[in-house]
Amino acid sequence: MTFAYEIPLLILLLVTAGGAILMKDLMSAVLLLGCYSFFLALVWAWLGAVDVAFVEVVVGAGLATVLFLLTLFGTAPKDGRLRRPPPPLTALIALPLLGVLMLYAAKDLPEFGDPNSPASTHISPMYLERSYQDTHTPNVVTSVLMDYRSLDTMVETVVIFTAGIACVLLLRRKVS
Amino acid sequence: MIDVLAAIFQRPNFLTFVIIFLWGFYIMITRYNLVKKLIGMYLVQTSVIFFLVSISAKKGATVPILVSTTDPVQALDYSNPLPHVLTLTAIVVGVATLGVALALCAAIYRTYGSLDEEEILKRLE
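Sequences listed follow chains A and B, in order.
End of the first sequence sits at 184 in our numbering; the numbers just go up one at a time, nothing left out.
End of the second sequence sits at 126 in our numbering; the numbers just go up one at a time, nothing left out.
So this is what it looks like as C-alpha cells:
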C-alpha cells in the first residue's frame, strides 16, 4: 500500500542522493545534498510529519548545506584524486550481504500506512487522546516534545551547546 | 522468492531506505576525501530518520494537530506523533555532530594542507 505521488518523490530522492555521491566536484555534491534534504522534507510533509519537514528544511537543507559550504570555502573544493584504488574486499562482500539480509526481512515489516501496525496501536493512541486534557496544546508533537519529554529536550540543548563549544575550540587560531 | 520480491515492492520506502543507507555506508568506507565521507554519513543519518518517519504514516490520516479540541479524539484520524518527536531530536543532534566533524576537517586542512586521507597519513609519518 503506497501513497499517491510517492514513487516519483522516492525516485527524485535516489537521483539526488546518487548525484551527491558520484559528483567529482565537491561544491556540486554539497548543493545536490541540499536538494536531497529538500525532497526528503517534501516526502515527510506528504506522509503527515509536518514538524519534521520544517526542521529538515531549516536545519538539514539550510544549516547543514551552509556548514558544508563554509568548510569547502576554507579548504580544497575538489576531490583531487583522479584514479581510485580498488575498494576493500570486505566492503564488497559484507555490504551486499547486509543488503540482502535487510531486504529479506521486508516481509515481516507491517505495510506502510497500515493503521493497525504495532507502532501505531500500542501507546501512541493514548498520547493522541489525552494530550489536550493534559497540556492544552492542539499540536500533539509540541505537547510530547515540550511537556511529556521536556527533560529530553533540555538535555538535547546541552548536546548542541557542547557541539558549539567543540567547534569554537577546534576553529580558534592560536595567538602568537 | 516471488513473495519476498513482492513484499519488497509493496514497501518502496523500505527499498529506498536500504539503497541510500548501504550506498552512504559504502562511500564512508571507500572514499579517501574526508568531506565525501561526511556526505556519506549525512546520507546514512537521514535515511534512518526517513525509515522511522515512514513507519508513523497512516493511510487516510492527517497531520497530528487536533482539528477540534472539544470532540473526543479518534486516534485513527491522526498519524502517529511519537516517531516525529524522536526524529526531531535526531535531526538536530545529527547536524550538530556534522558541524563538529566539519570543524575537525577545517582544522586538519589547516595543519596538513590536504583533505585526502592517504596524503594526511603520509605527512604524519
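Where is the CB? At the ideal position from N, CA and C, for every residue including glycine.
Run of the alpha helix (DSSP H) containing residue i, from where it starts to where it stops
| i | result |
| --- | --- |
| residue 134 of chain A | 132 to 143 |
| residue 110 of chain A | 97 to 112 |
| residue 177 of chain A | 158 to 179 |
| residue 129 of chain A | 126 to 129 |
| residue 61 of chain A | 58 to 63 |
Other residues of its chain near residue i: CB distance less than 6 Å, five sequence neighbours each side excluded
| i | result |
| --- | --- |
| residue 81 of chain B | 57 |
| residue 41 of chain B | 25, 28 and 29 |
| residue 68 of chain B | none |
| residue 151 of chain A | 139, 143 and 145 |
| residue 20 of chain A | 47 |
Residues bridged to residue i (per DSSP)
| i | result |
| --- | --- |
| residue 79 of chain B | B/63 |
| residue 147 of chain A | B/66 |
| residue 14 of chain B | Per DSSP, none; premise fails for residue 14 of chain B. |
| residue 121 of chain A | B/59 |
| residue 117 of chain B | B/34 |
8 Å Cβ shell around residue i - same chain, five flanking residues per side excluded
| i | result |
| --- | --- |
| residue 73 of chain A | 38, 39, 41, 42 and 45 |
| residue 126 of chain A | 118 |
Assigned exposure category for residue i - 16 Cβ within 10 Å defines buried
| i | result |
| --- | --- |
| residue 142 of chain A | exposed |
| residue 79 of chain A | buried |
| residue 111 of chain B | exposed |
| residue 46 of chain B | buried |
| residue 98 of chain A | exposed |
| residue 65 of chain B | buried |
| residue 10 of chain B | exposed |
| residue 107 of chain B | buried |
| residue 24 of chain A | buried |
| residue 95 of chain B | buried |
| residue 123 of chain B | exposed |
| residue 34 of chain A | buried |
| residue 76 of chain A | buried |
| residue 92 of chain B | buried |
Proximity test, residue i beta-carbon vs the ligand ATP heavy atom, cut-off 7 Å
| i | result |
| --- | --- |
| residue 91 of chain B | By its list of ligands, the structure shown contains no ligand whatsoever, and the ligand ATP lies outside what it can speak to. |
Interface residues of chain C facing residue i [CB-CB closer than 8 Å]
| i | result |
| --- | --- |
| residue 158 of chain A | The chain inventory of the structure shown lacks chain C, comprising the protein chains A and B. |
Cβ shell of residue i (< 7 Å), same chain only, five flanking positions each side left out
| i | result |
| --- | --- |
| residue 31 of chain A | 37 and 40 |
Quiz item: Quick one: any contact between the stretch 51 to 67 of chain B and the stretch 81 to 93 of chain B, if contact means 3 or more CB pairs under 8 Å?
Solution: Because the criterion of three Cβ pairs below 8 Å is met, the stretch 51 to 67 of chain B and the stretch 81 to 93 of chain B touch.
Quiz prompt | Validate contact between the stretch 107 to 124 of chain A and the stretch 57 to 68 of chain A using beta carbons, cut 8 Å, 3 pairs | solution = Verdict: no, contact absent.
Quiz item: Would you call the stretch 32 to 41 of chain B and the stretch 97 to 106 of chain B touching, i.e. three or more CB-CB distances under 8 Å?
Solution: Yes, the stretch 32 to 41 of chain B is in contact with the stretch 97 to 106 of chain B.
Exercise. Specify whether the stretch 13 to 29 of chain A and the stretch 12 to 25 of chain B touch according to this definition: at least 3 beta carbon pairs, one from each stretch, less than 8 Å apart.
Key: By the Cβ test, the stretch 13 to 29 of chain A is in contact with the stretch 12 to 25 of chain B, since at least three Cβ pairs between them sit closer than 8 Å.
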